[in-house]
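To start, the structure under review is shown below, and the notes come after it.
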């Protein structure tokens, strides 16, 4: 018997070996009618389970034997079949189809799912969509591309941070940005609010997403709601951005090189008054930086154009190189890129060098190993933003003073101007040449995974990854600067590491008309961050920049560390009936080190479903057609997601210091505790409901995806202010509730779809409201120190029963009829208490993209719309105080309409609109500087040409030329530079600092020329 079994086994083995011996590696490229490579095309060997997907440029490789049939399928394209013959390379062109197939997206932990099976909203972004706007920061590349996503750039500085939110904010004081996941592991996208002990907002940093090279991305999936992102756990409470990088394909290798040359200029500048020269109270003062002096025409004053000389044309270059290929066993993708981005001001630049290697090796048909490695070095030079920085000096500098005359030729000290009571201000040229801030990051991301199929129905996957970087920051204040007469130096070094371990077991079985897929998993995430800050003052040698160039008593040193560990287990059950009705149950339990040991475990579930209505109609009616309606899907989801506390908030921080200083979480140097700890903190939870409808008409020419959602976050973990007399800045507690509700619509149309000409018209629409339902105790608002304007003119704040994204400030005192209540001198009065003076949340957002393809030419452009959303023009506020704003031109006497408060009589007394009026009254009334931030902008125009015939002559696979224009047109009533601003950068938690225009580097308009070829 044993011999017979052995003979049977040997026979089966020989048959299998012969069959496998007939198979060979078949490769090629799938392209559109215009010759452009098509990514995410499914390639299947008919009648087998062997399948693959094309890469972003359309390349594929699969094992197939002569005589077998390859089937090519893609959404919006026909199904095409190709019989394998003696050849090994097959290039396929897919035309338009009458029936679009459902696309596949990457969801949690790299799991691929058909969108028709999902009961929640996700939206994919292709590599082409990410790169056509030519944005170095991948976050900015999402502007207008995804419904439900709001992206706000911090300004026109190279390497500036970008803030991203999905479906509003769910936290009153902590991070509201989504989790970023690259190749299955979470990566860091934080933005420090302040660096090296500098005051909040003084040194706007980059978000670490800027380290990701967009050219390495094959696809991106945006997981919008808690139901979509729940498996990722605590850090995905704000949604998730799932990035898959490019992989190699077997067959002939491919080498690609691309170069982009960019030119940028300042887009717009604020208007300045040129009628009055420097001085105080109408009297000329040659030492003052204020412009409250006499009229220019009253004397022999020369007016200088200081602004045009300060801003310059910036030139940048980006080089990227990649090589990919492999065999049927081993595949690889390697890339290198160098970005050199210069700013519109001297000594303001950003550089990034990236090196990536992705490899995978198939040991057996059921055992595969993979490894991805990415090293990034980014460096940045910039200066402070906000009060007394270089841009403030440019807009403040009196028109009658030559700003380029900034150094005393005798001793090399600075020629400064002063305001008297407010002290001196550095010359802007001194700032950029002498007081630079530098930031250098070395980052290493590595992922290793193994996938094993012990049975045809079971897959086991283990993935281990790390995201480690060191960040070095330096801020120099040269002697004779306004901030330090004797010199000041700050250096900080940060080590940050996130290590992730994930195990997945996925079982898939079909029983007649029913299909089941169950995934069980374990996830461990460890985060470790340590920052050492050293500062020195009173330089011994004025021109020597070193911590050692100071005495010991003039140095401070602080070390801050933060650790967090999250352990999670989860399950994901998917069921379907005839691939028409889908039901999904998910659940995850986390244990967090930031919560009390006795209460650090919490569970959160979700359920979602979807119905393919068109397939159900055909099933029930027996009809093979649904008329003009090709596809209809109804979906719904309920989900709960938990969130833990920030690290180390259970106990009061005592800390250690040198020279009696500590540094609090907001970056201020102080001698009191940071916060009161709370050993009874518990997790906060968000409950979310979502309904969606996906429709496609006219043979795939028209598609509409609509979603409505509502979420409520309760038991907020909130850091609330306490009086300084309490010996701390903040106290942490549970309390407060936020509601988000909104709608999203995605419209995809193809008005013209011919073999040689296509026109696509796509719209992404978003409307969201974030409302504060409850606050702890007697609080009626939560204010943000990191979104604060000097003199309490305005402040970011969340208001009870109002908006999460409010502006807190003062208003004019009025009566019940809205009339100004004036003093006996006929002057208006400012209400001493603060109230809501604005709402930064836009009413709606929309991105409209047109794409034209004609033979080898491609044209794409996007209009970006925002309706509503207030902006506090802090730049105008500061210019009013300095006397350079056109708002101060009305200098003299006038009768201000209103009533005298003491008598109730209509005012007839003329008030003197002098320096004191504008500085102490007009500027202190923050509502004067709240403006509508609505806009219509031409975000980009991209023109491409694929020179196919020329490429063949040069023996190239493809040759492409591109021309891109960025931020070309802006239509807005906003009087400032650009209503798309974030005054303190993207790192501010809670309602953030977007909508605060606070003397940042102006936005730019740019043009790019690009060349790309492969062989």
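Numbering (UniProt numbering), first residue to last: 1 to 1015.
All C-beta atoms, glycine included, are put in the ideal place defined by N, C-alpha and C.
This one's a predicted model, so the numbers in the text were calculated from it and none came from an experiment.
Asked: Those runs of the alpha helix (DSSP H) which lie wholly inside the region 568-624 and span at least 4 residues; Found: 613-621
Asked: CB of residue 839 within 9 angstroms of CB of residue 809, strictly; Found: no
Asked: Whole beta strand (DSSP E) elements within the region 295-344, 3-residue minimum; Found: 314-326, 330-342
Asked: Reduced DSSP category for residue 844 - H, G, I as helix; E, B as strand; rest coil; Found: strand
Asked: Beta-carbon gap between residue 705 and residue 641 smaller than 9 angstroms; Found: no
Asked: Validate contact between the region 372-389 and the region 439-451 using beta carbons, cut 8 angstroms, 3 pairs; Found: yes
Asked: Secondary structure, alpha helix (DSSP H): runs of 4+ residues fully inside the UniProt domain "TonB-dependent receptor plug" (117-240); Found: 127-131, 226-229
Asked: Inter-residue CB distance, residue 563 and residue 647 (contact presumed, cutoff 8 angstroms); Found: 6 angstroms
Asked: Residue 392 - DSSP class collapsed to helix/strand/coil; Found: helix
Asked: Proximity to residue 46 [Cα-Cα], best of 40, 910, 66; Found: 66
Asked: Length-filtered (3 minimum) beta strand (DSSP E) runs lying within the region 791-826; Found: 794-799, 806-809
Asked: Per-residue DSSP class, three states only, for residue 548; Found: coil
Asked: Cβ shell of residue 501 (< 6 angstroms), same chain only, five flanking positions each side left out; Found: 464, 524
Asked: Residues near residue 476 by beta carbon distance below 7 angstroms, same chain, minus five either side; Found: 435, 436, 489, 545
Asked: DSSP three-state assignment for residue 529, whether helix, strand or coil; Found: strand
Asked: Element boundaries [alpha helix (DSSP H), containing residue 880]; Found: 874-882
Asked: Reduced DSSP secondary structure (H/G/I, E/B, other) of residue 947; Found: coil
Asked: Alpha-carbon to alpha-carbon, residue 515 and residue 219; Found: 27 angstroms
Asked: Among 249, 216, 265, 55, the one whose alpha carbon lies nearest that of residue 158; Found: 265
Asked: Beta-carbon proximity list for residue 71, same chain, < 6 angstroms, skipping 5 on both sides; Found: 44, 46, 81
Asked: Beta carbon of residue 93 nearer than 9 angstroms to that of residue 146; Found: no
Asked: Exposure of residue 112, with buried meaning 16 or more beta-carbon neighbours within 10 Å; Found: exposed
Asked: Within 9 angstroms, strictly: CB atoms of residue 767 and residue 843; Found: yes
Asked: Contact check, residue 52 vs residue 42, beta carbons under 9 angstroms; Found: yes
Asked: Cβ-based burial, residue 362 [other Cβ within 10 Å; buried from 16]; Found: buried
Asked: Under 9 angstroms between C-beta atoms of residue 120 and residue 770; Found: no
Asked: Straight-line gap, residue 934 to residue 982 (C-alpha atoms, nearest Å); Found: 15 angstroms
Asked: Option in 511, 943, 601, 110 with minimal Cα separation from residue 461; Found: 110
Asked: Backbone CA spacing between residue 749 and residue 583 [nearest angstrom]; Found: 29 angstroms
Asked: For residue 602 and residue 683, the rounded distance between their alpha carbons; Found: 8 angstroms
Asked: Residues bridged to residue 730 [DSSP beta-bridge criterion]; Found: 675, 721
Asked: Exposure of residue 552, with buried meaning 16 or more beta-carbon neighbours within 10 Å; Found: exposed
Asked: Residue 1025 versus residue 221: straight-line alpha-carbon distance, rounded; Found: Absent from the structure is residue 1025, since the part of the chain shown begins at 1 and ends at 1015.
Asked: Beta-carbon contacts of residue 886 that lie in its chain and below 6 angstroms, excluding the five residues immediately before and after; Found: 271, 273
Asked: Coil, strand or helix - residue 292 by DSSP; Found: coil
Asked: Proximal residues to residue 513 (C-beta, below 8 angstroms), its chain only, five neighbours per side dropped; Found: 577, 578
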